[in-house]
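First up is the structure itself, then whatever we jot down about it.
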Amino acid sequence: MSARCQVTGARPGFGKSVSHSHRRTNRRWDPNLQRKKYFVPSLGRTVTLTVSARGIKTIDRHGLEAVVAQIRARGERI
0 MSARCQVTGA RPGFGKSVSH SHRRTNRRWD PNLQRKKYFV PSLGRTVTLT
50 VSARGIKTID RHGLEAVVAQ IRARGERI
(Lines of atoms letter the chains of each structure in order from A and count residues from 1; the text may use other names and numbers.)
(Lines give C-alpha, C1' and ligand atoms only; values in the text may rest on other atoms or scores of the structure.)
Protein backbone atom coordinates (compact mmCIF):
# COMPACT_ATOMS: atom_id res chain seq x y z
CA MET A 1 0.00 0.00 0.00
CA SER A 2 1.44 3.33 -1.00
CA ALA A 3 1.25 6.31 1.31
CA ARG A 4 -1.41 8.11 -0.74
CA CYS A 5 -4.85 9.51 0.11
CA GLN A 6 -7.58 8.19 -2.21
CA VAL A 7 -9.61 11.39 -1.88
CA THR A 8 -7.11 14.26 -1.98
CA GLY A 9 -4.14 12.48 -3.54
CA ALA A 10 -1.82 13.60 -0.72
CA ARG A 11 1.59 11.91 -0.88
CA PRO A 12 4.67 12.09 1.31
CA GLY A 13 6.83 15.18 1.07
CA PHE A 14 10.60 14.79 0.94
CA GLY A 15 13.35 17.04 2.22
CA LYS A 16 16.25 17.34 4.60
CA SER A 17 16.42 17.26 8.36
CA VAL A 18 18.92 19.87 9.53
CA SER A 19 20.62 19.36 12.91
CA HIS A 20 22.07 22.00 15.19
CA SER A 21 25.50 21.40 13.64
CA HIS A 22 23.81 21.88 10.24
CA ARG A 23 24.35 18.29 9.08
CA ARG A 24 21.64 17.35 6.61
CA THR A 25 19.97 13.96 6.41
CA ASN A 26 17.08 12.81 4.25
CA ARG A 27 13.60 12.62 5.75
CA ARG A 28 10.00 12.46 4.68
CA TRP A 29 6.75 13.97 5.89
CA ASP A 30 4.02 11.34 5.67
CA PRO A 31 0.36 12.34 5.33
CA ASN A 32 -1.92 11.49 8.26
CA LEU A 33 -3.51 8.41 6.66
CA GLN A 34 -6.38 6.45 8.16
CA ARG A 35 -8.21 3.37 6.87
CA LYS A 36 -11.94 4.05 7.18
CA LYS A 37 -14.97 1.99 6.25
CA TYR A 38 -17.98 3.77 4.77
CA PHE A 39 -21.33 2.35 3.68
CA VAL A 40 -22.20 3.59 0.19
CA PRO A 41 -25.96 3.32 -0.40
CA SER A 42 -25.70 3.64 -4.20
CA LEU A 43 -23.33 0.64 -4.33
CA GLY A 44 -25.19 -1.21 -1.58
CA ARG A 45 -21.98 -2.20 0.17
CA THR A 46 -19.23 -1.03 2.48
CA VAL A 47 -16.01 0.38 1.01
CA THR A 48 -12.69 0.79 2.80
CA LEU A 49 -10.83 3.96 1.86
CA THR A 50 -7.31 5.06 2.73
CA VAL A 51 -7.86 8.73 3.47
CA SER A 52 -5.95 11.54 5.12
CA ALA A 53 -7.48 13.63 7.89
CA ARG A 54 -8.12 16.34 5.29
CA GLY A 55 -9.78 13.71 3.07
CA ILE A 56 -12.18 12.80 5.90
CA LYS A 57 -13.12 16.48 6.21
CA THR A 58 -13.68 16.61 2.43
CA ILE A 59 -16.05 13.64 2.65
CA ASP A 60 -17.94 15.37 5.48
CA ARG A 61 -18.18 18.59 3.45
CA HIS A 62 -19.11 17.26 -0.02
CA GLY A 63 -20.81 14.01 0.91
CA LEU A 64 -19.75 10.42 0.42
CA GLU A 65 -21.66 9.86 -2.83
CA ALA A 66 -19.97 12.81 -4.57
CA VAL A 67 -16.50 11.79 -3.41
CA VAL A 68 -16.98 8.16 -4.47
CA ALA A 69 -18.20 9.39 -7.88
CA GLN A 70 -15.00 11.46 -8.27
CA ILE A 71 -12.80 8.51 -7.32
CA ARG A 72 -14.56 6.23 -9.80
CA ALA A 73 -14.40 8.92 -12.54
CA ARG A 74 -10.60 8.88 -12.16
CA GLY A 75 -10.72 5.18 -12.93
CA GLU A 76 -9.57 4.13 -9.49
CA ARG A 77 -11.02 0.88 -8.21
CA ILE A 78 -12.78 0.95 -4.85
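Mapping of the sequence shown onto numbering that gives the first Met the number 0: position 52 corresponds to residue 51, and the numbering continues sequentially without gaps. Here a beta-carbon is modelled for each residue, glycine too, at the ideal position from N, C-alpha and C.
Boundaries of the alpha helix (DSSP H) in which residue i is found, first to last residue
{"i": "Q5", "result": "Neither: Q5 is in no alpha helix (DSSP H) and is coded neither H nor E."}
Unbroken beta strand (DSSP E) run spanning residue i, endpoints
{"i": "L63", "result": "Careful: L63 lies outside any beta strand (DSSP E), inside the alpha helix (DSSP H) at 63-72."}
Per DSSP, the bridge partner or partners of residue i
{"i": "T45", "result": "F38"}
{"i": "N25", "result": "K15"}
{"i": "S51", "result": "L32"}
Residue i, buried or exposed, once every other Cβ within 10 Å from all chains shown has been counted against 16
{"i": "L32", "result": "buried"}
{"i": "S16", "result": "exposed"}
{"i": "P40", "result": "exposed"}
{"i": "S51", "result": "buried"}
{"i": "P11", "result": "exposed"}
{"i": "G54", "result": "buried"}
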